[in-house]
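Enquirer:
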Amino acid sequence: MKKIGFVDYFISEWHADNYPAWIERICAEMGADYKVAYAWAELDTSPVDGISTAEWCEKFGAERCATIDALCEKSDVIVILSPSNPETHLRYAEAVLKYGKRTYIDKTFAPDAKTAKEIFALGERYNTPFFSTSALRYATELDSVDAPDSLLVTGGGSNLPEYFIHLGEMVVKKMGAFRCVKAARNGSQWVISAKTASGKDATMIYGSAMPYNVYMEKDGKETWKSIKSPFFDGLIADMLRFFETGETSFDPAETLAVSSGNSCSAGQIHISLEIGCFLDFSRLSNGCFHQ
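Take my numbering: the final residue in the sequence shown is number 308, and no numbers are missing along the way.
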């Protein structure tokens, strides 16, 4: 059995609470043999529910590690969680990737472009395979139309800066990197229009209670689907395949999805926008994102 180590800002959170059972179930389906065996968290007590790392480990049958280095030494593969605190990912990557063990880094990958590139540089320096993605990449509804001419996705979550990753990941999977982005607010909703590097148009609509849907158009034919497929199963299966092979199922460059440019035109600002990162809403002015 290969042992997985969980690194987190605080361990009692939604992803850490659900991944172990999903990993066990998908392992059984795939014939793989992995177990969440170790956990380390920077904060010993979760601010969400007050559960300590020791209590979480007792519940999930894992061993609490006193240091992140101890976890890295014991684990066969590593998952960096902290999904709501991506500002921690660079520090954790600096500690983890030097061990050369295959690593999954949870969404949101990084808080900004600079940090994202620094994490990739660490992977290259230590020759450590890793990947990061939104689980929405694995929604099978996205596969119903190949190379759509236009795309609209909707979705929600507690806040747009954190949950934009899911909308953006779907667009990048189907159309490639963003070239320019424009956002407009409609009450509590956001409408984000994007021109991709391929010249195609995509629209992302966010509302905190909005369900995930996808609309695709190709050759005049329209396809609308509510996203109900078990996309987290797809994520876990891909994570386990990566742990086995060290190979990702998509180009890691899509995590950055960068298309550069800096010119304002027709009310739009061309920017470098990393899908794996938070949208920095401090840069939003007159509906445009500024570098």
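Even for Gly, the Cβ is constructed at its ideal location relative to N, Cα and C.
Among Cys-44, Ala-58, Leu-107, which has the Cα closest to the Cα of Lys-52?
Expert: Position 35 of the sequence shown holds residue 52. The candidate whose alpha carbon is nearest that of Lys-52 is Cys-44.
Enquirer: With a 10 Å radius around its C-beta and 16 neighbouring C-beta atoms as the bar for buried, classify Gly-117 as buried or exposed.
Expert: Here residue 117 is taken as the residue at index 100 of the sequence shown, counted from 1. So Gly-117 counts as exposed.
Enquirer: Mark Gly-204 as exposed unless 16 or more other C-beta atoms lie within 10 angstroms of its C-beta, in which case mark it buried.
Expert: Stepping through the sequence shown from its first residue, residue 204 is reached at position 187. It is exposed - the Cβ of Gly-204 has fewer than 16 other Cβ atoms within 10 Å.
Enquirer: Let me confirm a value: Arg-196 is counted as buried when at least 16 other C-beta atoms fall within 10 Å, else exposed. Which label applies?
Expert: Working through the sequence shown from its first residue, we reach residue 196 at position 179. Under this definition Arg-196 is a buried residue.
Enquirer: Kindly give me the distance between the Cβ atoms of Leu-168 and Met-227, rounded to whole angstroms, as I take these residues to be in contact under 8 angstroms.
Expert: Indexing the sequence shown from 1 puts residue 168 at position 151. Indexing the sequence shown from 1 puts residue 227 at position 210. Rounded, the Cβ-Cβ distance is 16 angstroms, inconsistent with contact.
Enquirer: Relative to the C-alpha of Lys-191, which residue among Glu-72, Ala-211, Ala-110, Pro-146 is closest?
Expert: Here residue 191 corresponds to residue number 174 of the sequence shown, with the count starting at 1. The shortest Cα separation from Lys-191 among Glu-72, Ala-211, Ala-110, Pro-146 belongs to Ala-211.
Enquirer: DSSP state of Asn-35, grouped into three classes?
Expert: Here the question's residue 35 lines up with position 18 in the sequence shown. Note: Asn-35 maps to helix in three-state DSSP.
Enquirer: For Cys-74, which residues of its own chain have a beta-carbon under 7 angstroms away from its beta-carbon, when the five flanking residues on both sides are left out?
Expert: In the sequence shown, counting from the first residue as 1, residue 74 sits at position 57. Once the five neighbours on either side are set aside, the close Cβ partners of Cys-74 are Ala-56, Glu-80, Arg-81.
Enquirer: Buried or exposed for Gly-278, please, with buried defined as at least 16 other CB atoms from any protein chain shown within 10 angstroms of its CB.
Expert: Here residue 278 is taken as the residue at index 261 of the sequence shown, counted from 1. Low confidence applies here, because Gly-278 scores a pLDDT of 25, under 50, leaving its location unreliable and the question unanswered by this model.
Enquirer: Going straight from the alpha carbon of Ala-214 to that of Lys-131, what length do you get?
Expert: Counting from one through the sequence shown, the residue named residue 214 turns up at place 197. Counting from one through the sequence shown, the residue named residue 131 turns up at place 114. For Ala-214 and Lys-131, the distance between alpha carbons rounds to 21 angstroms.
Enquirer: Got a sec, what are the start and stop residues for the beta strand (DSSP E) Glu-239 sits in?
Expert: If you number the sequence shown from 1, residue 239 lands on position 222. 238-243 is the span of the beta strand (DSSP E), which, as asked, contains Glu-239.
Enquirer: With Arg-196 as the anchor, note down where its beta strand (DSSP E) starts and where it stops.
Expert: Counting from 1 along the sequence shown, the entry for residue 196 is found at position 179. First-last of the beta strand (DSSP E) with Arg-196: 195-203.
Enquirer: Which stretch, first to last residue, makes up the beta strand (DSSP E) that contains Lys-19?
Expert: Along the sequence shown, read from residue 1 onward, the residue named residue 19 stands at position 2. Its beta strand (DSSP E) spans residues 19-25.
Enquirer: Output the residue ranges of the beta strand (DSSP E) runs that lie fully inside the region 110-194 and measure 3 residues or longer, sorted by chain position.
Expert: The qualifying runs are 120-122, 167-172.
Enquirer: From what residue to what residue does the alpha helix (DSSP H) around Glu-261 run?
Expert: On the sequence shown, position 244 is the one that residue 261 refers to. It spans 248-262 - the alpha helix (DSSP H) in which Glu-261 sits, taken as one unbroken run.
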